Amino acid sequence: MTTETVLAEIGDLIREVLDGYDLGAVPITSDTSFDADLAFESIDLVVLGTLLAERYGSGIDLAGFLSARTLSEIITLRVGDLAGYVTARLEHA
1 MTTETVLAEI
11 GDLIREVLDG
21 YDLGAVPITS
31 DTSFDADLAF
41 ESIDLVVLGT
51 LLAERYGSGI
61 DLAGFLSART
71 LSEIITLRVG
81 DLAGYVTARL
91 EHA
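For the sequence shown, UniProt numbering assigns the number 1 to the initial residue and increments by one for each residue that follows.
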C-alpha cells in the first residue's frame, strides 16, 4: 500500500472523527497539522487511534507512536507523519 493511499484513507478517517465540525476549506494533505489546522484534541486522537487499528489492524498503535515523541513533536505532528508511520508498519507486517 502506498503512502498516498494511506494518506487518503487517513483523511477519510479524520473526516469521520471530526464529523459535525466544519472543516471548511482545510484540505487534508501530508502537510496538514493535527493541532494548528484541524484543532485535534486528545479525545480526537484516541478515536482516530481506534479507527486506525480497526482499519489496519492492531499493529498500528497510535498511542505507542505518540509516546515516542516529545510534546513539541506531538503539537507539530502532521498527517503525513502519521501516514508514513502507518505505511512503514504495514510494509513490515
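All C-beta atoms in this analysis are idealised placements derived from N, C-alpha and C, irrespective of residue type, glycine included.
From a predicted model like this one, the values you see are computed outputs, not experimental measurements.
Residues bridged to residue i (per DSSP)
i, result
"S33", "R78"
Within-8 Å CB hit, residue i to chain D
i, result
"D44", "No chain D appears in the structure shown, which is made up of a single protein chain."
Residue i in three-state terms, based on DSSP
i, result
"R69", "coil"
"D12", "helix"
"D22", "coil"
"D61", "coil"
"E54", "helix"
Assumed close pair residue i, residue j - CB separation to whole angstroms, cut-off 8 Å
i, j, result
"L66", "I74", "6 Å"
- Between the region 14-22 and the region 58-69, do three or more beta carbon pairs fall short of 8 Å? no
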